[in-house]
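The block underneath contains the structure these notes are about, expressed in structure tokens.
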């Protein structure tokens with residue numbers, strides 16, 4: 008095997024579009040995919056596992072990490088801070104592993120600036136009505152929070168053109184297949200392979 | 008459904024890399040894929056179906072089609088002429104159907120020039136030794152023809168950087184999955200969807 012640099016896959020979506028489920032399932036399906044555990048100042052939701060779903064830290068711990076330049080991206084979402092530790096991410100890419108990141112739109116823009124070769128994937132619900140229904144079914148937010156998430160989704164959905172790929176999540180199985188197809192296809196891209204193979208060498 | 012323009016997928020490979028089998032199987036798997044039947048002056052091989060595998064024509068008929076500007080690309084391969092009728096290809100793309108073309112490297116370069124948004128896919132055998140073995144197993148060529156095909160393959164394989172995607176055909180099942188992933192992923196590309204959706208409209 009010729010060692011190649013890993014590819015960074017960044018998945019963003021307005022809340023309720025199904026991003027978290029898709030990323031979790033994709034990690035189960037593609038075992039060679041590395042992922043990054045984000046740092047957040049928000050409180051754990053029921054069922055979330057510390058150090059696996061998120062590193063939960065205090066606002067002052069978060070500020071200290073930022074001050075030491077330890078975050079590849081960070082963002083404020085609904086008054087909470089979220090960030091991606093840079094060191095494990097870059098170690099995985101250098102080691103030739105592809106990385107799947109589940110990141111909001113602000114963080115995705117920072118990652119694009121820092122890693123121009125990253126692959127940005129945007130997931131949307133098939134309609135705003137469907138999005139509202141999913142947020143209600145989740146039962147983790149009150150009316151005020153649901154209204155805020157919907158307003159934010161309406162703004163965020165206009166950002167789809169900044170991404171490389173768009174997945175309309177009508178059906179989880181279909182959306183999973185599209186996400187997997189994007190990852191598999193990018194692994195065949197000549198523009199990426201050409202970074203690995205020396206000038207006159209061919210993979211034959 | 009918003010009507011979108013179809014995408015042209017062009018598959019090339021040195022002979023023996025498995026291109027014909029892959030394209031045939033992909034047409035069976037993805038029924039919505041249109042394909043083009045090439046015109047050729049070469050003699051039919053055993054099992055080939057007239058009008059389905061190729062339109063078999065005389066050299067003078069071929070020249071007449073060329074003269075009338077009826078071919079989207081054409082090429083000389085092993086003293087035979089091959090070409091793609093332009094009209095059915097363009098009708099399919101205008102109608103929003105994706106098209107899969109099985110075209111040699113000379114023809115692919117002409118298609119790239121004529122349709123810059125086409126997706127070019129290059130398939131190679133895992134090694135020259137493997138390629139030679141496959142050509143022998145095919146039993147359709149004599150020693151001289153096999154030597155000529157191998158020499159040509161050695162030249163052609165260096166052209167992989169002109170393509171968008173590279174599939175190393177180690178295993179037909181794996182190569183099929185990669186080809187299907189490329190087609191599915193390209194259908195999610197924002198650069199293609201942005202041609203379809205009006206400026207401020209979002210697919211939501």
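Protein chains in written order, with our numbering: chain A, 8 to 211; chain B, 8 to 211. The beta-carbon is built from N, C-alpha and C at its ideal position, and this holds for glycine as well. Treat the numbers as computed from the prediction; the structure is a model and nothing was measured.
Residue range 179-194 is occupied by the alpha helix (DSSP H) that includes residue 190 of chain A. Neighbours of residue 174 of chain A in chain B, taken as residues at a C-beta separation under 9 Å, are given in chain order as 195. Taken in chain order, the members of the region 135-161 of chain A whose beta-carbon sits within less than 7 Å of a beta-carbon on chain B are 135.
Using a CB distance cut-off of 7 Å, residue 56 of chain A does not count as an interface residue toward chain B. With its beta carbon less than 7 Å from one in chain B, residue 168 of chain A belongs to the interface. Between residue 107 of chain B and residue 164 of chain B, the beta carbon gap of about 22 Å keeps them out of contact (Cβ cut-off 8 Å). In the same chain as residue 51 of chain B, and ignoring 5 residues on each side of it, the C-beta atoms closer than 8 Å to its own belong to 57, 60, 61, 63, in chain order. Under the three-state reduction of DSSP, residue 19 of chain B is assigned to strand. For residue 112 of chain A, the uninterrupted alpha helix (DSSP H) run begins and ends at 112-121, by DSSP.
By the neighbour-count criterion, in which a residue is buried when 16 or more other Cβ atoms sit within 10 angstroms of its Cβ, residue 14 of chain B is buried. When 7 Å is used as the limit between beta carbons, residue 200 of chain B is near these residues of chain A: 173, in chain order. Inter-residue distance for residue 26 of chain A and residue 20 of chain B is about 37 Å (C-alpha atoms, whole angstroms). In chain order, 191 make up the part of chain A whose C-beta sits under 8 Å from the C-beta of residue 184 of chain B. Between residue 28 of chain B and residue 87 of chain B a beta carbon distance of about 20 Å is seen, past the 8 Å cut, so the two are scored as non-contacting. Residue range 78-84 is occupied by the beta strand (DSSP E) that includes residue 83 of chain B, with no alpha helix (DSSP H) assigned at that position. For a cut-off of 8 Å, the C-beta gap from residue 133 of chain B to residue 177 of chain B is around 5 Å, short enough to register as a contact. Secondary structure of residue 174 of chain A (DSSP, three-state): strand.
Interface flag for residue 116 of chain A against chain B is unset, since no Cβ pair is found closer than 7 Å. Rounded to whole angstroms, the separation of the alpha carbons of residue 169 of chain B and residue 66 of chain A is 50 Å.
Around the beta carbon of residue 91 of chain A, 16 or more other beta carbons lie within 10 angstroms, which makes this residue buried. Cβ proximity to chain A below 8 Å picks out nothing from the region 91-123 of chain B.
Here the region 112-121 of chain A makes no contact with the region 146-156 of chain A; the two share fewer than three CB pairs at distances below 8 Å. Nearest C-alpha to residue 191 of chain A among A:54, A:22, A:31, A:37: A:37.
Our two residues, residue 154 of chain B and residue 22 of chain B, have alpha carbons roughly 12 Å apart in a direct line. In this structure, the alpha-carbon of residue 189 of chain B lies about 27 Å from that of residue 97 of chain A. Taking C-beta separations shorter than 6 Å and ignoring five residues to either side along the sequence, the partners of residue 141 of chain A in its chain run 23, following chain order. Of B:35, B:128, B:89, the smallest CA-CA separation from residue 185 of chain B is found for B:128. In the three-state scheme derived from DSSP, where H, G and I count as helix and E and B as strand, residue 41 of chain B is classed as strand.
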